[in-house]
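Position in the sequence shown (first residue = 1) + 645 = the working numbering.
Backbone N, C-alpha and C define an ideal beta-carbon position, used for all residues, glycine too.
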Amino acid sequence: PDFDIDYSWRERDDVQDYIFKRYGRKHTALLGAMSTFKGRSIFRELGKVYGLPKAEIDRLVHHPDDPEGKNRITKKIHSLSGMMAGFPNLRSIHAGGILISEEPICCYTALDMPPKGFPTTQWDMYVAEDIGFEKLDILSQRGIGHIRECADIVAENRGIKVDVHQIEQFKKDPKIKDLLRRGETNGCFYVESPATRGLLKKLKCDDYLRLVAASSIIRPGVAKSGMMREYIHRFHNPDDFEYIHPVMKEQLEETYGVMVYQEDVLKVCHHFAGLDLSDSDVLRRAMSGKFRGKKEFERIVRKFFSNCKEYGYPDEITKEVWRQIESFAGYSFSKAHSASYAVESFQSLYLKAHYPLEFMVAVINNFGGFFHRWVYFNEARRWGAVIMLPCVNHSNYKTRIIDRKIYTGFIHIDSLERNTGHGIAEEREANGAFRSLEDFIRRVPAGIEQIVLLIRTGAFNFLGKPKSHLLWEAHLQLGKNTVRYSGPTLFKQHVKKYSLPQLESSRLEDAYDELELIGFPQTMSWFDLLQRPVNGVLKAGDMTKHIGRKVQMAGLLVTVKYVRTVKKEIMHFAAFLDDTGEFFDSTHFPDTLKKYPFRGNGVYLLYGKIVEEFGFPSLEVDRMLKLPLKADPRAV
């Protein structure tokens, strides 16, 4: 048993520190854990052992069945990986577990002191449970952080005090209902992944209880067992299915006979198979990997089947119910967990519906959610924001909004020192805007490397001078042999002016600077960077008009999900943005994927058939090609 409590990622360490001070280090410790070899991490570790180069290891991890990567060593790695699965790898610390004991905790375990600085038990949560401890899981998440920060930004930018706790009003808000129905949930806590957006559209979700159910059935077990699709079908066709057994109708009528929550597993085990609730809970926990007693688990499984036989159930019904329990229980949420997550989702949805630009800035400043930060900048632009490059006269260390202009924060400039970013904003706040590069150099103690980064990312564009001119000017004032005096001066020092020739620069060069230093182009789109413009392609918003037809689409790759088919072949689900910034989803079956694999981030030209499932369109890809970009002019 444990207590899971979520805090903002900014507060979690403070809460942890409070607990150790409140109960004392003699009675408090972090919970140890044992990391085991599992999944693709085995390939990575074995690849290091055999001395494979990083590129080859990455290919082995992401494309284990790629025939191009097959050789004697990779075959050996595949063979060993199955033997190593589940073996201990290294000791670690539980993600959030803390133990508090009445007696000094060293009465129960030896402790060690890892670099984090808190005493840590040498055994894991299973031993803690055997002894009788209840652990506190002090967890952190970014959803709480962006909700709080958004309210602060709205107060600063609009002068409005936002109360995010009016949940009953949020449930009736037509703007929130509209966002849910359309799957416009990017940035919103727990409901922004491509799979969840698709599920919301398929369910035409526009109310709280439906979102609670959706938060649970999106979990891997329900989807894997086929019951997520069955739930959607039954939702749309409540008279077009039969309950597998009367007990399912009696206990699970609210969810159309589908086990959605952990409580549903307990109900079915108890009312269908006659297990008492304690045995039912042991079964649920064993399937989730949180119970070690294999013999106890096997005893309860035997009891499940023997009870069903005594009740006279046909074997096929018993096996089907067991299949659903087995594939579902390990990944399910309790209803209370789903309900509390849905409350937080509604708070995010309210802020996005009414204050979309401030909301996206808060998401960016809390370092996003499911997607990379550039997706959230794109989302802000879709909602009407003007995205501005970093600017020494407007930007802060974090991204900020002024009216409808969003100024990229200095934190996003690669290699820019934290002290420099904070120092610029503090100096500007204390002594006013910077009037020139010379003025900036005089007032901010930044080295030439830092100033070059700022110039290349457009932070001095307000001066109206080409970047190349500013770079020359910076080097003339802060060259290697220049003596810089940063103390107080009685008289203003005059810097010698030099006459520079006309220096050329291009938007393409600027875009590549942004790509290198910020991570994505801001003054041009990825589609602007293509060698040739893409014509005659379908837009994401027109997909529903072409159901069943073969079409051509162009999209910027956002994310790829790797899954295995029943035959253990790899297939992919991908999400793209078209040139208007709208999302569309694609499916890549194994045969197609072997001929047309993904080749990293970038813009792809895709050809395939538009299909629809419960009103949600996607592209089944037959062929695809990664489109080449214009050459980097800086490399010439």
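query: With 16 as the cutoff for other CB atoms within 10 Å, does residue 741 come out buried or exposed?
result: buried
query: If residue 1179 and residue 1199 are in contact, beta carbons under 8 Å, what's the gap, nearest whole angstrom?
result: 4 Å
query: Near residue 844, which residues of its chain fall below 7 Å by C-beta distance, leaving aside the five closest residues on each side in sequence?
result: 859 and 863
- request: Kindly indicate which three-state DSSP category residue 1262 falls into: helix, strand or coil?
  value: strand
message: Tell me the rounded alpha-carbon separation between residue 682 and residue 1052.
response: 44 Å
- request: Spell out a yes or no on whether the region 971 to 991 and the region 1006 to 1024 are touching, meaning 3 or more CB-CB pairs, one atom from each, closer than 8 Å.
  value: no
message: Check whether the region 1183 to 1196 and the region 1071 to 1081 are in contact - that is, three or more C-beta pairs closer than 8 Å.
response: no
field: Residue environment, residue 780, which counts as buried when at least 16 other CB atoms sit within 10 Å
entry: buried
- prompt: From which residue to which residue does the alpha helix (DSSP H) around residue 667 run?
  reply: 657 to 668
message: Looking only at its chain, what residues have a beta carbon closer than 6 Å to the beta carbon of residue 980, apart from the 5 residues adjacent to it on each side?
response: 906 and 908
message: Only counting the same chain, and skipping five residues up and downstream in sequence, which positions put a Cβ closer than 6 Å to that of residue 1189?
response: 1262
task: Let me know if residue 657 comes out buried or exposed under the rule of 16 or more other beta-carbons within 10 Å of its beta-carbon.
output: buried
field: C-beta contact flag for residue 744 and residue 676 at 8 Å
entry: yes
message: Counting C-beta neighbours from all protein chains within 10 Å, is the total for residue 757 16 or more, i.e. buried, or is it exposed?
response: exposed
task: Measure the CB-CB distance between residue 785 and residue 654 and report whether it falls below 8 Å.
output: yes
query: What's the call for residue 1128, buried or exposed, on a 16-neighbour Cβ count within 10 Å?
result: Any reading at residue 1128 must be qualified, since the residue scores a pLDDT of 49, below 50, and its modelled position is unreliable; the value itself is stated next. Residue 1128 should be labelled exposed.
task: Could you check what DSSP says for residue 1176 in three-state terms: helix, strand or coil?
output: coil
Outcome for residue 842 when other beta-carbon atoms lying within 10 angstroms are tallied against a minimum of 16: buried
- request: Keeping to the same chain, check which residues put their C-beta closer than 8 Å to that of residue 1061; ignore five residues upstream and five downstream.
  value: 1055, 1095, 1098 and 1099
query: What residues are listed by DSSP as bridge partners for residue 1233?
result: 1217
- prompt: Taking C-alpha atoms, which residue in 795, 812 and 814 lies nearest to residue 805?
  reply: 795
Straight-line gap, residue 587 to residue 768 (C-alpha atoms, nearest Å): A question about residue 587 goes unanswered here, because the residues of the chain that appear run from 646 up to 1281.
- prompt: Looking at the unbroken alpha helix (DSSP H) that takes in residue 1122, where does it start and where does it end?
  reply: 1112 to 1123
task: Would you please state the rounded distance, in angstroms, between the beta carbons of residue 1104 and residue 1001? I believe it to be under 8 Å.
output: 26 Å between Cβ atoms; not a contact.
task: Could you tell me which residues DSSP puts in a beta bridge with residue 1209?
output: 1215
message: For residue 678 and residue 764, I'd like the C-alpha separation in whole angstroms.
response: 13 Å
query: Which class does residue 730 belong to by DSSP, given the choice of helix, strand or coil?
result: coil
field: Nonlocal neighbours in the same chain, by C-beta distance under 7 Å from residue 1205, ignoring five residues either side
entry: 1217, 1219 and 1243
field: C-alpha gap between residue 867 and residue 1209, whole angstroms
entry: 16 Å
message: Excluding the 5 residues flanking residue 988 on each side, which residues of the same chain have their C-beta closer than 7 Å to its C-beta?
response: 812
message: Can you tell me whether residue 969 is helix, strand or coil according to DSSP?
response: helix
query: In the DSSP assignment, what are the bridge partners of residue 1084?
result: Partner(s): none; residue 1084 has no beta bridge.
query: In terms of residue numbering, what span does the beta strand (DSSP E) encompassing residue 913 cover?
result: That residue, residue 913, is in no beta strand (DSSP E); it is neither H nor E in DSSP.
- prompt: Skipping 5 residues on each side, what residues in its chain have a beta carbon closer than 7 Å to that of residue 1222?
  reply: 1023, 1200, 1201, 1203 and 1228
- request: Locate the beta strand (DSSP E) running through residue 648, then write down its first and last residues.
  value: 647 to 653
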